[in-house]
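K.L.:
Numbering (our numbering), first residue to last: 4 to 560.
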């Protein structure tokens with residue numbers, strides 16, 4: 004029995020965890036689609052940064068080397084944005100570096116060119132560029148770039164070559180350059196951590212690889228190319244673990260970051276589209292792969308075109324098949340609706356014939372019905388008059404019964420208070436505390452307290468009988484002039500005046516005595532509220548028509 008309980012608890016936890024993950028993925032997909040909708044905003048921000056850099060080139064007196072470093076910044080902005088513009092500014096950098104004959108700048112420009120060619124799948128051209136770089140003359144920073152470029156070239160070649168022999172050769176070269184690179188960088192640097200993560204991943208030590216990835220991820224921000232790359236590599240780790248949910252999660256995060264950073268040379272969204280296609284989420288897969296295709300077209304990357312061209316036809320075919328099925332379904336529905344429409348036409352024709360038959364019988368009954376209606380009308384008027392009179396009597400009796408009960412209760416309370424007051428006076432006199440007694444009797448505090456209690460009792464009793472009074476009275480006033488009660492306030496002075504009027508106490512002098520105000524004050528309140536009314540002349544008559552809620556006498560008891 005105990006084992007069964009644990010099993011149920013375990014299954015419940017698994018179910019709840021899956022539900023939480025599903026909700027998280029849905030939220031992330033919505034965030035991704037919002038980012039896709041705002042693509043032009045992020046691209047405009049990128050183009051503004053580029054325009055500002057280009058403006059620096061037009062400044063008079065700029066030194067050639069300054070031009071070179073502006074080109075360098077433009078290359079970084081264009082590197083993931085558009086291939087042709089990146090190549091253009093790298094070519095300008097190479098030309099400028101050669102013209103001022105600075106080997107360090109020449110090598111720097113050549114290394115950027117090699118990296119660009121490798122990232123677009125032009126590996127042989129990248130190798131040719133790297134061959135003309137003399138590693139002996141490179142600074143430590145450029146040497147890091149040099150080995151990074153070689154590692155990129157031979158890592159990609161080992162992946163894409165169909166020959167096992169070439170794969171082994173290129174893989175060995177890549178590992179050799181990785182080892183050389185590790186001797187040049189700090190152990191905790193981004194390059195060292197990325198190489199270590201890849202090595203763990205290649206050795207299928209996925210948990211260790213994820214641990215290194217977490218360290219890298221903690222150092223970058225969403226909306227940067229670095230964040231996009233690290234989350235994409237994290238998704239690769241989860242793919243090797245067959246954890247599809249987390250793979251999707253980090254592909255989504257990578258794709259969002261790509262869009263926010265205007266990275267057009269991306270792979271996350273196309274990979275996500277392929278996953279969604281496998282899950283039969285065809286509409287989203289189709290939207291995402293077309294978005295990726297637009298980015299690839301804008302960037303003009305041969306390698307990315309090849310990757311997307313392997314996915315796009317499959318998803319488009321599934322999308323067209325789905326649309327075809329929907330068209331067939333709609334066609335069937337149209338046929339069914341057409342048949343039902345024909346049946347409806349015949350039904351209408353049949354009903355019209357029946358209506359004509361009934362019309363004759365109805366005409367014969369009409370005269371009799373008119374006579375009965377006249378008789379019913381007379382009886383109805385009589386019943387309505389009696390019903391109205393009964394309601395008025397019932398309401399009056401209810402008000403009287405309730406007020407009599409409360410009046411007796413209040414009288415009893417006042418007798419008790421008088422008895423207590425008498426005992427207090429007697430006690431004070433016997434104790435010789437005449438001055439204190441005189442001070443007490445001179446104070447208005449007792450009167451104020453009793454007045455406050457009187458108001459509370461009146462408000463409570465009145466609203467018990469007329470619970471909708473405030474709402475009904477406000478409905479008689481202009482919208483901007485309606486009475487708004489303060490917190491913990493049941494009625495205010497204005498409402499109490501008209502509450503007494505509703506109870507039949509219409510004379511201002513009587514109202515003034517009950518509420519302890521002057522007659523003039525009561526008159527001014529009445530005029531003030533009437534001036535706020537929608538129908539000023541009939542206002543007090545309309546107040547008198549506000550009804551009480553009449554309860555069964557048994558229920559009251």
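Idealized CB from N, CA, C, for every residue including glycine.
So the alpha helix (DSSP H) residue 273 belongs to, where does it begin and stop?
P.N.:
Unbroken alpha helix (DSSP H) run through residue 273: 271-281.
K.L.:
Taking the CB atoms as reference points, tell me whether residue 153 and residue 180 lie closer together than 7 Å.
P.N.:
Contact: yes.
K.L.:
Spatial neighbours of residue 298 within its chain, please: CB distance less than 7 Å, with the 5 preceding and 5 following residues excluded, ordered by chain position.
P.N.:
The residues are 267 and 269.
K.L.:
Specify the secondary structure class of residue 551 as computed by DSSP and reduced to three states.
P.N.:
Coil at residue 551, not helix or strand.
K.L.:
Taking contact to mean at least 3 C-beta pairs separated by less than 8 Å, is the segment 203-219 in contact with the segment 235-248?
P.N.:
These segments touch.
K.L.:
Taking just the CA atoms, how far does residue 133 sit from residue 294?
P.N.:
Spanning the two alpha carbons is a distance of roughly 34 Å.
K.L.:
Would you check if the segment 61-81 and the segment 244-257 touch, i.e. whether three or more CB-CB distances between them fall below 8 Å?
P.N.:
With the cut-off at 8 Å, the segment 244-257 and the segment 61-81 do not touch.
K.L.:
Across the segment 538-552 and the segment 468-481, are there enough close Cβ pairs to call them in contact, namely three or more that are closer than 8 Å?
P.N.:
In short, these stretches touch, since the Cβ pair count reaches three.
K.L.:
So does the segment 492-502 actually touch the segment 518-526, counting three or more Cβ pairs closer than 8 Å?
P.N.:
Touching, yes.
K.L.:
Nearest-angstrom Cα distance between residue 528 and residue 423?
P.N.:
When rounded, the distance between both Cα atoms is 37 Å.
K.L.:
Between the alpha carbons of residue 567 and residue 40, how many angstroms are there, rounded?
P.N.:
Nothing about residue 567 can be reported from this structure: the residues present for the chain run from 4 to 560 only.
K.L.:
In chain order, which continuous runs of the alpha helix (DSSP H) of length 4 or greater are located wholly inside the segment 459-527?
P.N.:
Qualifying alpha helix (DSSP H) stretches, in chain order: 472-478, 496-505 and 511-518.
K.L.:
Using the beta-carbon count (16 or more within 10 Å), is residue 514 buried or exposed?
P.N.:
Result: buried.
K.L.:
Among 439, 455, 311 and 543, which has the Cα closest to the Cα of residue 477?
P.N.:
Ranking the options by Cα distance to residue 477, first place goes to 543.
K.L.:
Measure the C-alpha to C-alpha separation of residue 554 and residue 496 and round it to an integer number of angstroms.
P.N.:
Reliability of the predicted coordinates at residue 554 is poor, the pLDDT of 49 falling under 50, and the value obtained from them is presented with this limitation in mind. Looking at the two C-alpha atoms, the distance is approximately 28 Å.
K.L.:
Taking Cβ to Cβ, would you say residue 314 is nearer than 7 Å to residue 277?
P.N.:
It is a contact, given that the beta carbons lie within the stated cut-off.
K.L.:
Taking the continuous alpha helix (DSSP H) assigned at residue 176, which residues delimit it?
P.N.:
Unbroken alpha helix (DSSP H) run through residue 176: 167-185.
K.L.:
Excluding the 5 residues flanking residue 203 on each side, which residues of the same chain have their C-beta closer than 6 Å to its C-beta?
P.N.:
Result list for residue 203: 211 and 212, in chain order.
K.L.:
So, at 7 Å on beta carbons, what are the nonlocal neighbours of residue 535 in its own chain, with the 5 sequence-adjacent residues on each side left out?
P.N.:
So the list reads 480, 481 and 484, once near-sequence residues are dropped.
K.L.:
At which residue ranges does the segment 101-130 contain complete alpha helix (DSSP H) runs of 4 or more residues, listed in the order of the chain?
P.N.:
The qualifying runs are 106-122.
K.L.:
What's the call for residue 97, buried or exposed, on a 16-neighbour Cβ count within 10 Å?
P.N.:
The residue is buried, with at least 16 neighbouring Cβ atoms inside 10 Å.
K.L.:
Any contact between the segment 76-90 and the segment 52-60? By contact I mean 3 or more CB pairs, one from each, below 8 Å.
P.N.:
The segment 76-90 is in contact with the segment 52-60.
K.L.:
When you compare the CB positions of residue 260 and residue 230, do they come within less than 7 Å of one another, or not?
P.N.:
Cβ distance < 7 Å, so residue 260 and residue 230 count as in contact.
K.L.:
By the 10 Å Cβ neighbour count, where 16 or more other Cβ atoms means buried, how is residue 304 classified, buried or exposed?
P.N.:
Looking at its Cβ environment, which holds 16 or more other Cβ atoms inside 10 Å, residue 304 is buried.
K.L.:
From the DSSP output, which residues share a beta bridge with residue 562?
P.N.:
No answer is possible for residue 562: the residues shown for the chain start at 4 and end at 560.
K.L.:
Near residue 193, which residues of its chain fall below 6 Å by C-beta distance, leaving aside the five closest residues on each side in sequence?
P.N.:
Cβ neighbours of residue 193 beyond the five flanking positions: none.
K.L.:
Taking 7 Å as the threshold (C-beta atoms), are residue 288 and residue 318 in contact?
P.N.:
Yes, Cβ-Cβ distance for residue 318 and residue 288 is below 7 Å.
K.L.:
Can you round the beta-carbon distance between residue 145 and residue 92 to whole angstroms, since I take them to be within the 8 Å contact cut?
P.N.:
Incorrect: roughly 19 Å between the Cβ atoms, too far for contact.
K.L.:
Do residue 129 and residue 117 have their beta-carbon atoms positioned less than 7 Å apart in this structure?
P.N.:
Their beta carbons are under 7 Å apart, which means residue 117 touches residue 129 by this criterion.
K.L.:
CA-CA distance, residue 356 and residue 366?
P.N.:
Going from the Cα of residue 356 to the Cα of residue 366 covers about 16 Å.
K.L.:
Assign residue 411 to buried or exposed, taking buried as 16 or more other Cβ atoms, counted over all protein chains shown, within 10 Å of its Cβ.
P.N.:
For residue 411, the pLDDT reaches just 47, beneath the cut-off of 50, and the residue's location in the model is therefore unreliable, although a value from the coordinates is still provided. It is exposed - the Cβ of residue 411 has fewer than 16 other Cβ atoms within 10 Å.
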